[in-house]
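Since the structure comes first, as C-alpha cells, the remarks are kept for the end.
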Amino acid sequence: MPVKHAAGILKEAPVSFDLLVHRDTETALAEARALGLSPSEVAKTVILKTASGCVRAVLPACERLDLHKVRAAIGGAKVWLATEEELEREYPEFELGAIPPFAGAHRDPVLVDQRLAERESIVLETCSRTESVRMLTGDLVWLTRARVVDICEE
Numbered sequence: 061m062p063v064k065h066a067a068g069i070l071k072e073a074p075v076s077f078d079l080l081v082h083r084d085t086e087t088a089l090a091e092a093r094a095l096g097l098s099p100s101e102v103a104k105t106v107i108l109k110t111a112s113g114c115v116r117a118v119l120p121a122c123e124r125l126d127l128h129k130v131r132a133a134i135g136g137a138k139v140w141l142a143t144e145e146e147l148e149r150e151y152p153e154f155e156l157g158a159i160p161p162f163a164g165a166h167r168d169p170v171l172v173d174q175r176l177a178e179r180e181s182i183v184l185e186t187c188s189r190t191e192s193v194r195m196l197t198g199d200l201v202w203l204t205r206a207r208v209v210d211i212c213e214e
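Sequential numbering of the sequence shown, starting at 61, is according to the numbering used here.
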C-alpha cells in the first residue's frame, strides 16, 4: 500500500512526523479545509516535466507556481506541467492529487519554495488523498535533498 511505503520512508529516516487522517480531498486547498488549517500551512507537490525527467516542486497550497522561475532555478531547461496521463504512467504507486515530495520509484530533484522554508513545519500529502503528514520543513529539505528557491508567482 503506497501510504505505508511513504510513512515507512519517514519512519526509517531520522525525522519526526505526525500522520493526519482526513476526508478524501483532491486539492491541497481542500486538504487544508478538511484539516482546519490555513492554506499557508499546507504544501502541494506539483510534478513538472523536463527533457531529462521529472522535477517535484513543493509550494504553499495558496500559491501559484511560476514556471519562468522554475526554469531559471533548473538552469534554463524547458519545463512544463505533467499531464494526468503522464502522472498515472510515471507514478502509478500514488493516487492522483497526492504525490508526495518523497517516496516512489523515482528520485526526482525537489524544489521547495522559500515561503515554506520560512515555516517551522508543514503539512503535505503522503500518497493518499485521505492521509497527510505534518513534519519539520528542515527535515523535508534534508530528506529530499531539496533546493530552496523562489518558485511562486508574485
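We treat Cβ as the ideally placed atom computed from N, Cα and C, and that holds for glycine.
If only complete runs of 4 or more residues are kept, the segment 101-126 shows no alpha helix (DSSP H) anywhere. With contacts defined as CB atoms closer than 8 Å, Leu79 and Val193 qualify as a contacting pair. Ser188 is positioned such that its CB atom lies closer than 8 Å to that of Ala158.
In its chain, beyond the 5 residues on either side, Ser100, Glu101, Thr197 have a beta carbon closer than 8 Å to the beta carbon of Arg179.
Here Ile182 is bridged, per DSSP, to Met195. Annotation for Phe77: Leu70, Val193, Met195 place their beta carbon closer than 6 Å to its own, counting only its chain and skipping 5 residues before and after.
Rounded to whole angstroms, Arg207 and Glu150 show a C-alpha spacing of 22 Å.
One alpha carbon belongs to Arg93, the other to Asp126, and they sit about 24 Å apart. Of Thr87, Asp199, Val209, the smallest CA-CA separation from Ala73 is found for Asp199. A straight line joining the alpha-carbon of Ser181 with that of Pro152 spans about 28 Å.
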